[in-house]
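K.L.:
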Amino acid sequence: MNSQISRVALAALAMLIALVVATTYWQTWAVAGLEDRQDNAIQRVAQFTIKRGVIYAGDGRTVLATNKQRRVKGRTFYFRRYPSRGLFAHTVGYATQQRSRVGLEQSLNDYLTGANSNLNTVLNTTLDKLRGVTIKGNNVVLTVDPRAQRVALAALAGQCGAIFAVAPRTGAILVSASSPTYDPNAAERNFKLIERIRGACNPASPLLNRATNGRYVPGSTFKVVTAAAAIDSGRYSLASTFNDLGYCIEYGRRVNNYDTSTPFGFVNFVQAMQHSINSVFCDIGKKLGPQLLVEYTKRFGFYSPPPIETPSNERVASGLYRGGRLFEPKNPFQVDPGRLAFGQERLQVTPVQMAMVAAAVAAGGAVLRPHFVDRILATGGRVVTRTKPKELRQAIKPSTAAALTTMMEAVVSGGTGTAAQIPGIRVAGKTGTAETGVNGRNTTSFIAFAPVERPQVAIAVILENQSGTGGKTAAPIARIVMEALLRRGRT
């Protein structure tokens, strides 16, 4: 009798193991292939019988994505709802019947549906299937600050552009705002509402995540990278002096300063950055050459899509572009080094990349991996995975970062970026104003970090279709958002 019971038990165990293995296969290794088949109607229906995990903001309370239960012909389905509407639309994305998934809803789909290969998740999902109960996905807690995000979108005030802020020492993403935004709830119910959105630019492209997928000419914010290459290579120091005539000569032609009213005359490197003197950086670029400048851009992360958790098609690399594609100069005559040095030429950057530049300076030259996900939780609250700070590379020497900090602090204390001053807090920053080819219209930007002595936030603001400069348009916005984040740190 005992032997018969043992055989039955072994057979049952074998069947359970086979079920676990099969479920693991179909939910992990094979799931991507199934999902790629857009004509797989069964798959599309089945995914809505799963109660997807809830997505929370960094406070652990603000719900960014949840479910609404609906009974259809005796079956229970779970459809996504986004209580925060457009607050984090570009980051969270949407998961719908008709338009599939975008944003973190796509890239974290395995976790959100309980299909990830974590052993405990696989076992729990398998047991839920055996018991015939609803499969529940893992919950996700992000790093983003909902209060600062609201401040950021309000500060953009309908302008086309983006704001990206990170914690320099950890890489945690605090703000990722793209404007104009949209309500992801409309993606399922009434997509035409999104198509009708207009903004202060044409086209408004509300679905475009400008923070990670928008390419912009950086203008003078790129001078931070040029100065990094100049100092880190040992060719220049803060004490290096220059004679500004109001222009530099390149290929026999004048390259003028943005403000041509009065040349600055003899200045040191700090003053050249403080007043954003194009002629000085033009001459530095000619001496360094474009290939060294490109080498240093790569140290900061250019030429690779930013390594964040959103889908790969929603992230774009920064760098020199030719014919819509990245290119690297094979010889120094393929690129205008003077214009490249002050952020023009064919250089295009994303807000996330420029925030990474500011963060690297703040972190003593170290580039940390920016990340949206703080932790992923099982339905009972147990931590499935937690994101730890990861240093990608040391872009520049700590001494170079310290020199750049001195220069950038001078920009805010008495240069082109005084509108970013925060009472009682030392701020380091750099303005940027890039001509667009349309008379009187610029792309303006500002990058910064604060407090200087113990940086808690690094930020990039980029605005489209502006009539003013980065110091007048982007710097005040950066100040407002930094204040919101720093106040959070004191509460």
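All residue numbers in the sequence shown are consecutive under the working numbering, ending with 491.
We put the CB at the ideal spot given by N, CA and C, even for glycine.
All of these numbers come straight from a predicted model, not from anything done at the bench.
Using beta-carbon positions only, say whether A448 and I462 come within less than 8 angstroms of one another.
P.N.:
Within the sequence shown, residue 448 is the residue found at index 448, counting from 1. Within the sequence shown, residue 462 is the residue found at index 462, counting from 1. For A448 and I462, no; Cβs fall outside 8 angstroms.
K.L.:
Please report the Cβ distance between E314 and N202, rounded to the nearest whole angstrom; I am assuming they are in contact, meaning their Cβ atoms lie under 8 angstroms.
P.N.:
Taking the first residue of the sequence shown as position 1, residue 314 is located at position 314. Taking the first residue of the sequence shown as position 1, residue 202 is located at position 202. About 22 angstroms separates the two Cβ atoms, so there is no contact after all.
K.L.:
Is R147 helix, strand or coil by DSSP?
P.N.:
Residue 147 sits at position 147 when you count from the first residue of the sequence shown. Helix at R147.
K.L.:
Buried or exposed for Q38, please, with buried defined as at least 16 other CB atoms from any protein chain shown within 10 angstroms of its CB.
P.N.:
The residue labelled residue 38 in the question sits at position 38 within the sequence shown. Because the pLDDT of Q38 is 44, which lies under 50, any placement of that residue in the model is unreliable, and the number read from its coordinates should be weighed accordingly. Q38 should be labelled exposed.
K.L.:
Please classify R75: is it buried, with 16 or more other beta-carbons within 10 angstroms of its beta-carbon, or exposed?
P.N.:
Numbered from 1 along the sequence shown, position 75 holds the residue referred to as residue 75. R75 is exposed by the Cβ-count criterion.
K.L.:
Run through DSSP, which three-state label would D244 get?
P.N.:
Counting from 1 along the sequence shown, the entry for residue 244 is found at position 244. Here D244 sits in strand by DSSP.
K.L.:
Ends of the alpha helix (DSSP H) at F109?
P.N.:
If you number the sequence shown from 1, residue 109 lands on position 109. Reading off the sequence, residue 109 comes out as Asn, not Phe. Counting along the chain, the alpha helix (DSSP H) containing N109 begins and ends at N109 to L112.
K.L.:
My output table needs one value for Q69: the three-state DSSP class, helix, strand or coil.
P.N.:
By 1-based counting over the sequence shown, the position of residue 69 is 69. Correct three-state label for Q69: strand.
K.L.:
Going by alpha carbons, who is nearest to T406 out of A419, S237 and V294?
P.N.:
The count along the sequence shown starts at 1 and reaches residue 406 at position 406. The candidate whose alpha carbon is nearest that of T406 is S237.
K.L.:
Could you check what DSSP says for S318 in three-state terms: helix, strand or coil?
P.N.:
Looking up residue 318 in the sequence shown gives position 318. Coil.
K.L.:
Given a threshold of 16 other Cβ atoms within 10 Å of its Cβ, counted over all protein chains shown, does Y251 qualify as buried or as exposed?
P.N.:
Walking along the sequence shown from the start, residue 251 turns up at place 251. Y251 is exposed by the Cβ-count criterion.
K.L.:
Check for me: the alpha helix (DSSP H) holding N213 runs from which residue to which?
P.N.:
Taking the sequence shown and counting its residues from 1, one reaches residue 213 at position 213. Note, N213: alpha helix (DSSP H), R210 to N213.
K.L.:
Determine the direct distance from the alpha carbon of G301 to that of A360, and round the result to whole angstroms.
P.N.:
To locate residue 360, count along the sequence shown from 1; it is residue 360. To locate residue 301, count along the sequence shown from 1; it is residue 301. Looking at the two C-alpha atoms, the distance is approximately 10 angstroms.
K.L.:
Hey, quick one: how far does the beta strand (DSSP E) through K388 stretch, first residue to last?
P.N.:
Taking the sequence shown and counting its residues from 1, one reaches residue 388 at position 388. It is not in any beta strand (DSSP E) - K388 carries neither H nor E in the DSSP assignment.
K.L.:
So the candidates are V384, L288 and G338; which of them puts its Cα closest to the Cα of G234?
P.N.:
As a working mapping, residue 234 is identified with position 234 in the sequence shown. For the residues V384, L288 and G338, the minimum Cα distance to G234 belongs to L288.
K.L.:
Quick check on A200 - is its C-beta less than 8 angstroms from some C-beta in chain B?
P.N.:
Among the protein chains of the structure shown there is no chain B, as only one such chain exists.
K.L.:
Taking only the alpha-carbon atoms, compute the straight-line gap between P311 and S107 and give it to the nearest angstrom.
P.N.:
Position 311 of the sequence shown, counted from the first residue, corresponds to residue 311. Position 107 of the sequence shown, counted from the first residue, corresponds to residue 107. Using only the alpha carbons, I get a separation of about 5 angstroms.
K.L.:
Let me know the secondary structure DSSP gives N313 once reduced to three states.
P.N.:
Working through the sequence shown from its first residue, we reach residue 313 at position 313. Three-state DSSP puts N313 in a helix.
K.L.:
In chain order, what residues of the same chain lie with their CB nearer than 6 angstroms to the CB of A362, ignoring the 5 residues before and after it?
P.N.:
Against the sequence shown, residue 362 aligns to sequence position 362. Cβ neighbours of A362 beyond the five flanking positions: P168, F449, P455 and A458.
K.L.:
Under a three-way DSSP split, which group does Y182 fall into?
P.N.:
Numbered from 1 along the sequence shown, position 182 holds the residue referred to as residue 182. Here Y182 sits in coil by DSSP.
K.L.:
When we look at the beta-carbon of D59 and count the other beta-carbons within 10 Å, is it buried (16 or more) or exposed?
P.N.:
Taking the first residue of the sequence shown as 1, we reach residue 59 at position 59. Flag for D59 reads exposed.
K.L.:
Cβ atoms of S84 and T66: under 8 angstroms apart, would you say?
P.N.:
The residue given as residue 66 occupies position 66 in the sequence shown. The residue given as residue 84 occupies position 84 in the sequence shown. No, they are not a contact pair.
K.L.:
Compute the distance between the beta-carbons of V141 and L377, then report whether it is under 8 angstroms.
P.N.:
By one-based count along the sequence shown, residue 141 stands at place 141. By one-based count along the sequence shown, residue 377 stands at place 377. Yes, the pair counts as a contact, with Cβ atoms nearer than the cut-off.
K.L.:
Give me the Cα-Cα distance between I396 and A355, rounded to the nearest whole angstrom.
P.N.:
Counting from one through the sequence shown, the residue named residue 396 turns up at place 396. Counting from one through the sequence shown, the residue named residue 355 turns up at place 355. The straight-line gap from Cα to Cα measures roughly 16 angstroms.
K.L.:
Count the other C-beta atoms from every protein chain shown that fall within 10 angstroms of the C-beta of F342, then say buried if there are 16 or more, exposed otherwise.
P.N.:
As a first step, residue 342 must be located in the sequence shown, where it is residue number 342. Looking at its Cβ environment, which holds 16 or more other Cβ atoms inside 10 Å, F342 is buried.
K.L.:
Could you check where the beta strand (DSSP E) with E464 kicks off and where it finishes?
P.N.:
Mapped onto the sequence shown, residue 464 falls at position 464. Note, E464: beta strand (DSSP E), V457 to Q466.
K.L.:
In the DSSP assignment, what residue or residues form a beta bridge with G515?
P.N.:
Residue 515 is absent from the model: the chain starts at 1 and stops at 491.
K.L.:
Mind reading off the beta-carbon distance from G432 to S220? Whole number of angstroms is fine, and I expect it under 8 angstroms.
P.N.:
For the purposes of this step, residue 432 is taken as the residue at position 432 of the sequence shown. For the purposes of this step, residue 220 is taken as the residue at position 220 of the sequence shown. Their Cβ separation, rounded to whole angstroms, is 4 angstroms, which keeps G432 and S220 in contact under 8 angstroms.
K.L.:
Tell me which residues share the same chain as A95 and place their Cβ nearer than 6 angstroms to its Cβ, disregarding the 5 neighbours each side in the sequence.
P.N.:
For this step, residue 95 is matched to residue 95 along the sequence shown. Result list for A95: R80, R101 and E105, in chain order.
K.L.:
Taking contact to mean at least 3 C-beta pairs separated by less than 8 angstroms, is the stretch 428–447 in contact with the stretch 365–381?
P.N.:
Touching, no, given that fewer than three Cβ pairs across the two stretches are closer than 8 angstroms.
K.L.:
Within the same chain, show all residues whose beta-carbon is closer than 7 angstroms to that of S473, passing over the 5 residues directly before and after it, in chain order.
P.N.:
Residue mapping note: residue 473 aligns to position 473 of the sequence shown, counting from 1. Correcting the residue type first, residue 473 is Thr in the shown sequence and not Ser. Excluding sequence neighbours, T473 sits near T444, L463 and Q466.
K.L.:
Restricting to Cα atoms, I'd like to know which of G114, A155 and N139 is closest to V495.
P.N.:
As displayed, the chain neither begins before 1 nor continues past 491, which places residue 495 out of reach and without an answer.
K.L.:
Can you list, in chain order, the residues of its chain whose CB lies under 7 angstroms from that of K286, leaving out five sequence neighbours each side?
P.N.:
Position 286 of the sequence shown, counted from the start, is the residue given in the question as residue 286. Closer than 7 angstroms at the Cβ level, and outside the excluded window around K286, lie E250, P337 and G338.
K.L.:
Given G33, which residues of its chain have a CB within under 7 angstroms of its CB, disregarding the five upstream and five downstream residues?
P.N.:
As a first step, residue 33 is located in the sequence shown; it is residue number 33 there, counting from the start. Residue placement at G33 is flagged as unreliable, the pLDDT there being 49, under the threshold of 50; the coordinate-derived value follows with that caveat. Counting only Cβ-Cβ distances below 7 angstroms, and skipping sequence neighbours, we find nothing.
K.L.:
Could you compute how far the alpha carbon of Q353 sits from the alpha carbon of P307?
P.N.:
To locate residue 353, count along the sequence shown from 1; it is residue 353. To locate residue 307, count along the sequence shown from 1; it is residue 307. Whole-angstrom Cα-Cα distance: 10 angstroms.
K.L.:
Enumerate in chain order the residues of its own chain whose CB-to-CB distance from V335 is below 7 angstroms, with the five nearest sequence positions on each side excluded.
P.N.:
For the purposes of this step, residue 335 is identified with residue 335 of the sequence shown, where counting begins at 1. Same-chain partners within the cutoff: P290, L320, P329 and E345.
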